[in-house]
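Please read the structure below before turning to the comments.
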Amino acid sequence: MVNPCCVASFRSDISGPCSLEGDARAQHQYRYGITPFHDDLNTALEVDRNLVEALVLRASAYRYVDVLDLAYQDVARALELSPRYPEALLERGIIFRLQGRNEDARQDWVALIRLYEGTPAADAAQRNLEKLDVKVKE
Numbered sequence: 000m001v002n003p004c005c006v007a008s009f010r011s012d013i014s015g016p017c018s019l020e021g022d023a024r025a026q027h028q029y030r031y032g033i034t035p036f037h038d039d040l041n042t043a044l045e046v047d048r049n050l051v052e053a054l055v056l057r058a059s060a061y062r063y064v065d066v067l068d069l070a071y072q073d074v075a076r077a078l079e080l081s082p083r084y085p086e087a088l089l090e091r092g093i094i095f096r097l098q099g100r101n102e103d104a105r106q107d108w109v110a111l112i113r114l115y116e117g118t119p120a121a122d123a124a125q126r127n128l129e130k131l132d133v134k135v136k137e
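With numbering that gives the first Met the number 0, the residue at position 16 of the sequence shown is 15, and numbering never jumps.
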């Protein structure tokens, strides 16, 4: 089972990868798969590799420590299973932005806002679009 207490620690904006609470040791431990959160996600996905929520959370965790290739693989799988899953669209947009794929990020966030207007995911997508527009204009 995914530990819900850990979920809130991941960013839903495009500020980019960051360390786990500024602790280099924690980031090192995460990269080698020995944190409880990572273990919980892997266990959940071993039981059912089609758990969309676990895939998105693990994608976010990988992004958080700047492992974008694995983050993208997980979010792409989540979107194969559930093409309109709002958190997956949000996460893929963030990953696209970090990869410099601004137009792809914009497309995901605009789609998310249109599908789920007024939801927390759509609000996060709107904030990301605003930040993206500022960065593009600079």
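Where is the CB? At the ideal position from N, CA and C, for every residue including glycine.
Since this is a predicted model, take the numbers as computed values, not measurements.
Task: Pair within 8 Å by beta-carbon distance, A75 and S81 - done: If you number the sequence shown from 1, residue 75 lands on position 76. If you number the sequence shown from 1, residue 81 lands on position 82. Contact: no.
- [ ] In angstroms with no decimal places, state the Cα-to-Cα distance between L89 and A124.
- [x] Locating residue 89 in the sequence shown gives position 90, counting from the first residue. Locating residue 124 in the sequence shown gives position 125, counting from the first residue. Distance between the alpha carbons of L89 and A124 is about 6 Å.
Open item on the list: Measuring only the C-alpha atoms, how far is E79 from V51?
Closed with: Counting from one through the sequence shown, the residue named residue 79 turns up at place 80. Counting from one through the sequence shown, the residue named residue 51 turns up at place 52. C-alpha of E79 to C-alpha of V51: approximately 9 Å in a straight line.
TODO: Determine the direct distance from the alpha carbon of V46 to that of A53, and round the result to whole angstroms.
DONE: Residue numbering aside, residue 53 sits at position 54 when the sequence shown is read from its first letter. Residue numbering aside, residue 46 sits at position 47 when the sequence shown is read from its first letter. Answer to the nearest angstrom: the Cα atoms are 11 Å apart.
Open item on the list: Could you check whether the stretch 91 to 106 touches the stretch 59 to 76, counting it as contact only if at least three pairs of C-beta atoms, one from each stretch, sit closer than 8 Å?
Closed with: With three or more CB-CB distances shorter than 8 Å, the stretch 91 to 106 counts as touching the stretch 59 to 76.
Task: Secondary structure of N127, DSSP reduced to three states - done: The residue given as residue 127 occupies position 128 in the sequence shown. DSSP places N127 within a helical segment (H, G or I) once states are collapsed to three.
Open item on the list: Counting C-beta neighbours from all protein chains within 10 Å, is the total for D38 16 or more, i.e. buried, or is it exposed?
Closed with: Numbered from 1 along the sequence shown, position 39 holds the residue referred to as residue 38. The residue is exposed, with fewer than 16 neighbouring Cβ atoms inside 10 Å.
Open item on the list: To the nearest angstrom, how far is the alpha carbon of L40 from that of A58?
Closed with: The sequence position of residue 40 within the sequence shown is 41, counting from 1. The sequence position of residue 58 within the sequence shown is 59, counting from 1. Rounded to whole angstroms, L40 to A58 spans 10 Å at the Cα level.
Task: Completely contained alpha helix (DSSP H) runs for the stretch 62 to 95, where each covers 4 or more residues - done: Here the runs fully enclosed are 67 to 80.
Task: Assigned secondary structure, L54 (DSSP; H/G/I helix, E/B strand, else coil) - done: Locating residue 54 in the sequence shown gives position 55, where the first residue counts as 1. Three-state result, L54: helix.
TODO: Can you tell me which of the three DSSP states D132 falls into?
DONE: By one-based count along the sequence shown, residue 132 stands at place 133. Reduced to three states, the DSSP call for D132 is helix.
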